[in-house]
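Engineer:
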Amino acid sequence: AALSEKIKSIKVSAHPAAQQVAESESRIAALKVQKRELLEAINAGKTALHTVNEVLETLDNAEGWSTWDVMGGGLMADLAKYEKLDDAQEQIEQLQVELRRFKTELSDVEITADLQVTVDSFLKFADFFFDGLFADWAVLDHINQAQSRVENTKGQIKRVLALLKKMREDVDVQIADEKEKQEQLAVETEL
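Under my numbering, the letters of the sequence shown match residues -8 to 182, in that order.
1) Within this structure, are the beta carbons of L(-6) and M158 separated by less than 9 Å?
2) Counting C-beta neighbours from all protein chains within 10 Å, is the total for T95 16 or more, i.e. buried, or is it exposed?
3) I need the straight-line Cα distance from S112 to Q80, nearest angstrom please.
4) Is the beta carbon of A13 sitting closer than 9 Å to the one on K2?
5) Under three-state DSSP, which class holds G63?
6) Given this structure, state the Cα-to-Cα distance separating G65 from E74, to the nearest angstrom.
7) Starting from V3 and walking both ways along the alpha helix (DSSP H), at which residues does that stretch end?
8) What is the C-beta distance between A177 and I(-2), in whole angstroms, given that I count them as a contact (C-beta under 8 Å)?
9) Cutting at 7 Å between CB atoms, please list the residues of its own chain near V110, excluding the five before and the five after it.
Set out below in structure tokens:
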């Protein structure tokens, strides 16, 4: 408390150290803005990562129903599979919104990433109306490809989140260093 009072006194004085304190406070303010932007990007990434995990769970369920359909599961397996594929499509659309937000937040911290996930709907149509082994295998392959793309996106998000967290830690260290410099300046300055 005594050091912070002395820093305030230095700041309002005509002492040459007042300029150093002002510059240090300016750097701290800029670092705090940077930290806020990093936290916003981290939160957007965590939201997208949560949805990626939901998509993967839904695709896993669809894969199970699709495998059963290939084995001759019939109409019930078709309906259950398509319910899961519809759920996955909705989740992927939500994920795309979240990835766009994440990308926007990343631009605020000067990181770029190409994050996008899509699912085709043609095979769903073909499988439903031409229910046969070939179409069932095609849908199963399509689900596997979608899982692979979503897993890839998950990996990208995790890598970017790790980078963002490291950047946030670096900013915290820089803020602490600036505050330490201010305190050292206060100790060394005679008013």
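Even for Gly, the Cβ is constructed at its ideal location relative to N, Cα and C. Values in this document were obtained by computation on a predicted structure and should not be read as measured data.
Structural biologist: So, from the data block:
1) Reading the sequence shown from its first residue, position 3 is the one you call residue -6. Reading the sequence shown from its first residue, position 167 is the one you call residue 158. The answer is no: Cβ separation not under 9 Å.
2) As a first step, residue 95 must be located in the sequence shown, where it is residue number 104. Burial call: exposed.
3) The residue given as residue 112 occupies position 121 in the sequence shown. The residue given as residue 80 occupies position 89 in the sequence shown. Here the model assigns S112 a pLDDT of 44, short of 50, so the residue's position is not dependable, and the following value carries that caveat. Straight-line Cα distance between these residues: approximately 9 Å.
4) Your numbering for residue 13 matches position 22 in the sequence shown. Your numbering for residue 2 matches position 11 in the sequence shown. In this structure, A13 places its C-beta atom within 9 Å of the C-beta atom of K2.
5) The residue you call residue 63 lines up with position 72 of the sequence shown. In the three-state reduction of the DSSP assignment, G63 falls in the coil class.
6) Taking the sequence shown and counting its residues from 1, one reaches residue 65 at position 74. Taking the sequence shown and counting its residues from 1, one reaches residue 74 at position 83. Approximately 14 Å, taken between the alpha carbons.
7) As a working note, residue 3 is residue 12 in the sequence shown. V3 -> alpha helix (DSSP H) spans -7 to 3.
8) Residue 177 sits at position 186 when you count from the first residue of the sequence shown. Residue -2 sits at position 7 when you count from the first residue of the sequence shown. Sure, about 5 Å apart at Cβ, within 8 Å.
9) Against the sequence shown, residue 110 aligns to sequence position 119. With a pLDDT of only 46 at V110, under 50, the local geometry of the prediction cannot be trusted, and the value read off the model is given with reservation. Scanning its chain for C-beta atoms nearer than 7 Å, with the 5 sequence neighbours on each side dropped, one finds around V110 the residues A79, Q80, I83, A137, in chain order.
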